[in-house]
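Residue numbers (my numbering): 49 to 127.
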Amino acid sequence: MRFESLNDIRDALRRAPSPDAAAFEVAEARNSQLTKPPGALGRLETLAIWMGAWQGTEKPHCRSPQVLIFAGNHGVTAP
């Protein structure tokens, strides 16, 4: 997908699908059934449930994971 302007990005975000509430509940239930202490995987558990809701499945998957790193030396920082 190519964006020519900020409005193109806004339009794409408006058309983005919503998370599936039923899939969220199923993914959350599945997570609580896994053989591990609750919260042992930290934020990864929350992300897996979130991805499951967006993908509409209890077992989300990443076909081609990518990472974006932004850096600057302009003196502006986030708290």
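Each residue gets a CB set at the ideal place from its N, CA and C atoms; glycine is no exception.
According to DSSP, simplified to helix, strand and coil, what is residue i?
i    : result
T105 : coil
F72  : helix
N121 : coil
Q81  : helix
A96  : helix
L61  : helix
E111 : Per the sequence shown, the amino acid found at residue 111 is Arg instead of Glu. In the structure shown, R111 sits in coil (DSSP, three-state: anything other than H, G, I, E or B).
What is the C-beta distance between residue i and residue j, in whole angstroms, given that I count them as a contact (C-beta under 8 Å)?
i    : j    : result
E106 : G100 : 6 Å
E104 : A60  : Correcting the residue type first, residue 104 is Gly in the shown sequence and not Glu. The pair is not a contact, with the Cβ atoms about 19 Å apart (cut-off 8 Å).
A96  : A75  : 7 Å
Rank the options by C-alpha distance to the C-alpha of residue i and give the top, closest one.
i    : options        : result
Q68  : L61, W98, G87  : For the record, residue 68 in the displayed sequence is Asp; it is not Gln. Comparing Cα-Cα distances from D68 to each of L61, W98, G87, the minimum goes to W98.
W102 : L54, H122, E73 : E73
Who are the near neighbours of residue i in its chain, counting only those whose CB is closer than 8 Å to its CB and skipping five residues on each side?
i   : result
S80 : P86
Near residue i, which residues of its chain fall below 7 Å by C-beta distance, leaving aside the five closest residues on each side in sequence?
i   : result
R78 : E106
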